[in-house]
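For the sequence shown, UniProt numbering assigns the number 1 to the initial residue and increments by one for each residue that follows. A virtual CB, placed ideally from N, CA and C, is assigned to each residue, including glycine. Contents: one structure, followed by commentary.
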Amino acid sequence: MDQAFVTELQNTLAQIASPDSAAIKAASESLQKNFYTRPECIAALIHTLQSHPEAQLRQLAGIEVRKLIPKYWEGDSISAGVKAQIKSSLLTSTLAEQSPLPRHTSSRVISAIAKIDLELNAWSELLPFLHETASSTTDEASAPNREVAVYIIYTLLDSEITALYNANTELLQLFSKTLIDRHSRQLRTTTLLALGKVAENIDVVGDKDEVHGGNSVELFKALIPHMVEVLKDIIAADDEQAAAQAFEVFITLLLVDNALVSKHLGDLINFMLLNIAAVDSISEDYRLPALQFLITAVRTKKSKIQNLKLGPTLTTHAMKIVTEKPDNEDEDEDENDDTVPKLALRMIDYLSASLPPSQVLAPLLSAMPELSASSDPYFRRASLLSLAVAVEGSPDFVAQQLEVVLPIVVNGLRDSSIVVRSAALQTLAQLAAELHDIIGDEHEVLLPLIFEIMDTAPTFKVGKYACVALDAILETLDRKVIAEKYLNTLVPRLLHLLNNTSSPVLRGSIVAAIGSAAFAAGKDFMPYFQETIRVLEPYVSNINSENETDADYDLRGMSLDTLSAVANAVGKEAFAPYVNALTEAAYACLKTTQSRSRECGFVFIGVLAKLYGQEFSPFLDHIIPELLACLNQDEYAGLENNEEDEDEDEDPMTRFRVNSAMAMEKEIAADTLGELIVATKGDFMKYLDQSIEILVEMTEHFYDGIRKSALNSLWRTFASWYVASNPAQWQAGLPVKVQIEQTVSGLGDMVRKVSLDLLESEDERSVVNVICDNLTESLKLAGPVVLGDKEDLERICEQLLLIVKKAHPCQVSEEDDDDEEEAPEDFDQRESAEYDEVLVDSAFDSLSIIALTLESQFEPILQVLSPVLFKYFGSSSANERATAIGAMAEIVNGMKSSITPFTSQIMKAMLHSLGDSSADVRSNAAYGIGLLCYYSASDAEIIAEYMTILQNIQKLLKKVDKKSKRVQSSDQENNTARCLANACGCVARMSIKHPSQIPLGDVLPVLVERLPLTDGLEENTPIFELFVGLFKSNQPTIIELRAPIVEIFEKVFKSEAENKEVKQFETEEMIRPKVPSEPQKI
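Right, here's the structure in full:
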């Protein structure tokens, strides 16, 4: 070895550690140019790693040589003798190294060499040496050697050296000893980390080591209790760094094959919850990762958690954690910082979305009254905040319990403690967002309380929450209500507040509330239009990126959002004078580097495009390049791994989290692109191919929001171009009978293929839901052409059937397949989270529309589908029963007379459902029976049930009280407006089909008394058809009822609920001769 070369290299390396940036740059350039171009730098750097007296320089030499080994080690640039000497000396020097950082770096140098040589069978003595060193002695004196040996094994595993994949059993047998080594906590900790890497490599199906005996899966499972003991030791020793790595191992166990952890999952969850997360005396440095483990468990192991019935325990303990008083009560603390209570709330959020309401919302609502009655304001606050995060996952369940929930929220708004009032405002905003109409009905109670808090808010944050709650409630209000009761005082009040606050955060919330007022008021907002423009215009026009804060950016975004709502409210003519200036302001936002501003700029542009249609086309050349540039951004730019961070184990999701702002921006951009394509029609043609190409690419993006936006835009593009082609009305059945333009057909083929390919592998429920919803809407619009050919139809139906069986990839995980202890319940017996029920509902909607699209050709599909549907008829979930019965009703409506072979089965099931405890189930059953009576050609079978049907339907014809309209109920005596409408429609269809079987003299007066309908207005069609037919035949009872019927017609036609000119004309012609004395009413 050239000693002068070594000395010069070491001197140059030493300059890297100097504080002089110029010296560092010069040294780096010299190393790259004069030393690292020569193979002998490997031996020189390793010599420095092994022998230099300064630990910092040894560490630096190790880092540098590790990066160079892939360049020089393989091949002949270093002689075999030198390689052998380096490998032998490295093992010795690493064991002898006393300083932790150089020792770890030296271990990773060994791994870098081993990654090459083990693949070439050129270092056969390495693994036996390490095994021998780690296991030959167990005394305290040799513990440091065992530590180094196991750490080297850990680095080998971390380097993903394939030669180790076949040694899992041998490694696990070694680790079973080192994991419980009583002489070294460091050894136990390193063993724990190594086990995390082994877990990633185990082949659950095939990993049996006949040579060393045993099954590696069983060996690993046996070690989990000891792994937990190591974590306990680490926490007891207050070793934060080791704890962070240890928690990552346990989170890894949740992400690898389920067979490894399934047996111990319940114990692990209870340990993390009861021994760490819920213990307020433990440092948050340990509680936070324990909660992260629990959140990951809920997200990845929901079926197992549900089977173990752990939901109630997790929920109630999370609520208890939320009651903890924060150390820092500063209102302006960073809301993005994770705290233990915030993570507990996040866990409740995921629990609600993942588990059925009986395991989350039921215990949560049961705990609310006691917490709400506590003398401690933080307990009262916890009650409200827990509900706020949970309602999105189970809105239907909360709606059924509103009589319990709403008084607690109202009391919270009146609470003496500002922290409770603040929580009540946040909860109210969430309730209004999820239970739109129900909360809107309570405006007379809620809005005065919000106004009072706004007037007396002691901090900007409370004022902000008040505005957010106001914003949410305003969007629930009927235009007439807001115009008559609130608008003339509300908007001036908000504008006054806006002009008298200096906080950009509070200003943003006030601006959003103005936008919601405009949205709700529509044209009635016109008196406040000019003043609103005058006040908001400076917020969007004055861009000074050097001095602006994130709050200023957010305010600009809110202002653009509000101006888009104002534009929609006042109409394009009134807004026209401001379009050019505000579009330029939005374009300026697109040129900033702040994602929030860019998002809102895109939204504003999309709204104006939708409002102005092709009149917006002149802006395309300005805007489209920015949109496409946004969608072409690279989320990974600037996030390359730093090879110098030797010992930092990167969380694989970190890269995604870092770029969440960019991902959300691309989601909005994809939506806006769809808006522009639809709005500008043929003027978009020159950008169409490029836009379609990038939208198709976005359907494969890692972020589900972008996939959803891209899919929505693609399907909307197809629908828009289909309508623009002015096709003839489609006809049911395949092959397609009504041909469409080739360009439109090709676009439809492409969108269908992209959606089907994604549907077969998609694991996000919301994305699958979007595909189902778009398929349904497109089938309604374009008919069979959307289904493609027979093969496509089979693929579509196969996926939809998987969804309704709850067996689609987005509904199951490997835990459902690998859980050997508990056989999975049949799909109809397993309770579902409400999110899952929504997905099943969407799939049934798609199948129902396919029935309409195919008519008689749907019969073989129904043969397969009907057993699944009938199982749902007996589900323990009222929502699922109602969904299935509604789907069967729509299938009857779609197939028409082709439903005849199924008459007996359907009639029996639906008659039973007429007596269900759920009003929604009874309602859908009435609707389905009416359609079955109307369409089935099995007359004798239908007529035989007429009296039974009428006896059962009589209960559904009861008048509706206001309370039952507002709150869902399981009371069998309660009725709803929808239920009444479907019962009336049922009687009408039965009477049309077989009038001689109906006692019209008794039925018609009851039917007329229940009109006009207030919900389910489509049922006016069969009712009016019945009346017209009876007037034509001069049926005596209908003639006697002519006066109230004329009143009913007048109300219906005046409200424009039935926009069917032909039907109205026919009705007029039928009743005119019967009521000659009342021509003015006609």
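Hey, quick one: how far does the alpha helix (DSSP H) through residue 984 stretch, first residue to last?
Position 984 of the sequence shown, counted from the start, is the residue given in the question as residue 984. Residues 977 to 993.
Does DSSP put residue 215 in a helix, a strand or coil?
Walking along the sequence shown from the start, residue 215 turns up at place 215. Strand.
Out of 80, 243, 724, point me to the one whose CA is closest to residue 614's CA.
Counting from 1 along the sequence shown, the entry for residue 614 is found at position 614. Of the listed residues, the one whose Cα sits closest to residue 614 is 724.
Spell out a yes or no on whether the stretch 797 to 812 and the stretch 744 to 754 are touching, meaning 3 or more CB-CB pairs, one atom from each, closer than 8 Å.
Too few Cβ pairs lie closer than 8 Å, so no.
If we ignore side chains and look at the alpha-carbon of each, how far apart do residue 261 and residue 253 end up?
Mapped onto the sequence shown, residue 261 falls at position 261. Mapped onto the sequence shown, residue 253 falls at position 253. Distance between the alpha carbons of residue 261 and residue 253: 6 Å.
Let me make sure I understand the geometry here. Which of 387, 718, 246, 428 has the alpha-carbon closest to that of residue 778?
Indexing the sequence shown from 1 puts residue 778 at position 778. That would be 718, whose Cα lies nearest to the Cα of residue 778.
Let me know the secondary structure DSSP gives residue 311 once reduced to three states.
As a working mapping, residue 311 is identified with position 311 in the sequence shown. The answer is helix: DSSP assigns residue 311 an H, G or I state.
For residue 460, which residues in the same chain have their Cβ closer than 7 Å to its Cβ, ignoring the five residues on either side in sequence?
Counting from one through the sequence shown, the residue named residue 460 turns up at place 460. Only 503, 505, 506 meet the Cβ criterion.
Judging by CA-CA distance, which residue of 919, 1004, 1010 is the nearest neighbour of residue 976?
Mapped onto the sequence shown, residue 976 falls at position 976. Of 919, 1004, 1010, the residue nearest in Cα terms is 919.
What first and last residue would you give for the alpha helix (DSSP H) that runs through residue 144?
The residue you call residue 144 lines up with position 144 of the sequence shown. Where residue 144 is concerned, the enclosing alpha helix (DSSP H) stretches over 143 to 158.
Considering only residues of the same chain and omitting the five flanking positions on each side of residue 963, which have a CB-CB separation below 7 Å?
In the sequence shown, counting from the first residue as 1, residue 963 sits at position 963. Low local confidence applies: a pLDDT of 48 at residue 963 is under 50, so the model's placement there is unreliable, and no value is given.
Indicate the three-state DSSP secondary structure (helix, strand or coil) for residue 967 in the structure shown.
Here residue 967 corresponds to residue number 967 of the sequence shown, with the count starting at 1. Caution is warranted here: a pLDDT of 47 is assigned to residue 967, below 50, making its placement in the model unreliable, and no coordinate value can be reported.
Could you tell me the alpha carbon to alpha carbon distance between residue 519 and residue 487, rounded to whole angstroms?
Stepping through the sequence shown from its first residue, residue 519 is reached at position 519. Stepping through the sequence shown from its first residue, residue 487 is reached at position 487. Their backbone Cα atoms lie some 12 Å apart in a straight line.
For residue 97, which residues of its own chain have a beta-carbon under 7 Å away from its beta-carbon, when the five flanking residues on both sides are left out?
Within the sequence shown, residue 97 is the residue found at index 97, counting from 1. Counting only Cβ-Cβ distances below 7 Å, and skipping sequence neighbours, we find 103, 106.
Throw me the rounded Cβ distance for the residue 1027 and residue 1039 pair, which I believe falls under 8 Å.
Position 1027 of the sequence shown, counted from the first residue, corresponds to residue 1027. Position 1039 of the sequence shown, counted from the first residue, corresponds to residue 1039. About 11 Å separates the two Cβ atoms, so there is no contact after all.
Can you give me the Cβ contacts of residue 626 inside the same chain, cut-off strictly under 8 Å, excluding the 5 residues immediately before and after it?
As a first step, residue 626 is located in the sequence shown; it is residue number 626 there, counting from the start. Same-chain partners within the cutoff: 587, 590, 591.
To the nearest angstrom, how far is it from the Cα of residue 218 to the Cα of residue 189?
Here residue 218 is taken as the residue at index 218 of the sequence shown, counted from 1. Here residue 189 is taken as the residue at index 189 of the sequence shown, counted from 1. Rounded to whole angstroms, the separation of the alpha carbons of residue 189 and residue 218 is 21 Å.
With three or more beta-carbon pairs closer than 8 Å as the criterion, would you say the stretch 466 to 476 touches the stretch 424 to 444?
yes
As a quick exercise: from 763, 321, 769, 141, pick the residue whose alpha carbon is nearest that of residue 702.
Numbered from its first residue, the sequence shown carries residue 702 at position 702. Taking only the C-alpha atoms, the option nearest residue 702 is 763.
Looking at the secondary structure, which residues open and close the alpha helix (DSSP H) in which residue 102 lies?
For the purposes of this step, residue 102 is taken as residue 102 along the sequence shown, with counting starting at 1. Counting along the chain, the alpha helix (DSSP H) containing residue 102 begins and ends at 100 to 117.
Under 8 Å by Cβ, that's how I've got residue 715 and residue 782 pegged, so tell me the actual separation to the nearest angstrom.
Working through the sequence shown from its first residue, we reach residue 715 at position 715. Working through the sequence shown from its first residue, we reach residue 782 at position 782. Their Cβ separation, rounded to whole angstroms, is 11 Å, which puts residue 715 and residue 782 out of contact at 8 Å.
Which same chain residues, not among the five before or five after residue 183, have their C-beta less than 6 Å away from its C-beta?
In the sequence shown, counting from the first residue as 1, residue 183 sits at position 183. 140, 143, listed in sequence order.
Please state the DSSP three-state secondary structure of residue 140.
In the sequence shown, counting from the first residue as 1, residue 140 sits at position 140. It is coil, neither helix nor strand.
Among 662, 839, 688, 282, whose alpha-carbon lies nearest the alpha-carbon of residue 705?
Translated into the one-based positions of the sequence shown, residue 705 becomes position 705. Closest by alpha carbon: 662.
Which one of 410, 833, 890, 836 has the shortest CA to CA distance from residue 780?
In the sequence shown, the residue the question calls residue 780 occupies position 780. Residue 780 has its Cα closest to that of 890, out of 410, 833, 890, 836.
Are there 16 or more other CB atoms within 10 angstroms of the CB of residue 496, so buried, or fewer, so exposed?
To locate residue 496, count along the sequence shown from 1; it is residue 496. It is exposed - the Cβ of residue 496 has fewer than 16 other Cβ atoms within 10 Å.
For residue 1083, collect the residues of the same chain with a Cβ closer than 6 Å to its Cβ; drop the 5 residues on either side in sequence, then sort them by chain order.
Lying outside 1 to 1082, the shown extent of the chain, residue 1083 is not represented and no answer is given.
Quick test of your reading: residue 986 and residue 1013, contact by CB under 8 Å. State the CB separation rounded to the nearest angstrom.
Here residue 986 refers to the residue found at position 986 of the sequence shown. Here residue 1013 refers to the residue found at position 1013 of the sequence shown. In fact, because the Cβ distance is near 13 Å, the residues do not count as touching under 8 Å.
Give, in chain order, every unbroken run of the beta strand (DSSP E) that is at least 3 residues long and sits entirely within the stretch 433 to 457.
none
For residue 847, is the classification buried or exposed, using 16 other Cβ atoms within 10 angstroms of its Cβ as the cut-off for buried?
Counting from one through the sequence shown, the residue named residue 847 turns up at place 847. So residue 847 ends up on the buried side.
Output the distance between the C-alpha atoms of residue 571 and residue 530, rounded to the nearest integer angstrom.
Your numbering for residue 571 matches position 571 in the sequence shown. Your numbering for residue 530 matches position 530 in the sequence shown. For the pair residue 571 and residue 530, the Cα-to-Cα distance works out to about 13 Å.
Cα-Cα, which of 446, 365, 284 is closest to residue 315?
Reading the sequence shown from its first residue, position 315 is the one you call residue 315. The residue with the shortest Cα to Cα distance from residue 315 is 365.
Taking the alpha carbon of residue 682 as the point to measure from, which residue in 632, 671, 660, 743 has its own alpha carbon closest?
The residue labelled residue 682 in the question sits at position 682 within the sequence shown. The shortest Cα separation from residue 682 among 632, 671, 660, 743 belongs to 743.
Can you list, in chain order, the stretches of the alpha helix (DSSP H) that have 4 or more residues and sit fully within the stretch 1 to 63?
Correct list: 3 to 16, 21 to 30, 41 to 51.
Could you tell me the boundaries of the alpha helix (DSSP H) in which residue 515 lies?
Taking the sequence shown and counting its residues from 1, the one referred to as residue 515 is at position 515. Counting along the chain, the alpha helix (DSSP H) containing residue 515 begins and ends at 504 to 521.
Is it the case that the Cβ atoms of residue 868 and residue 805 are separated by a distance below 9 Å?
As a working note, residue 868 is residue 868 in the sequence shown. As a working note, residue 805 is residue 805 in the sequence shown. In contact: residue 868 and residue 805 (Cβ atoms closer than 9 Å).
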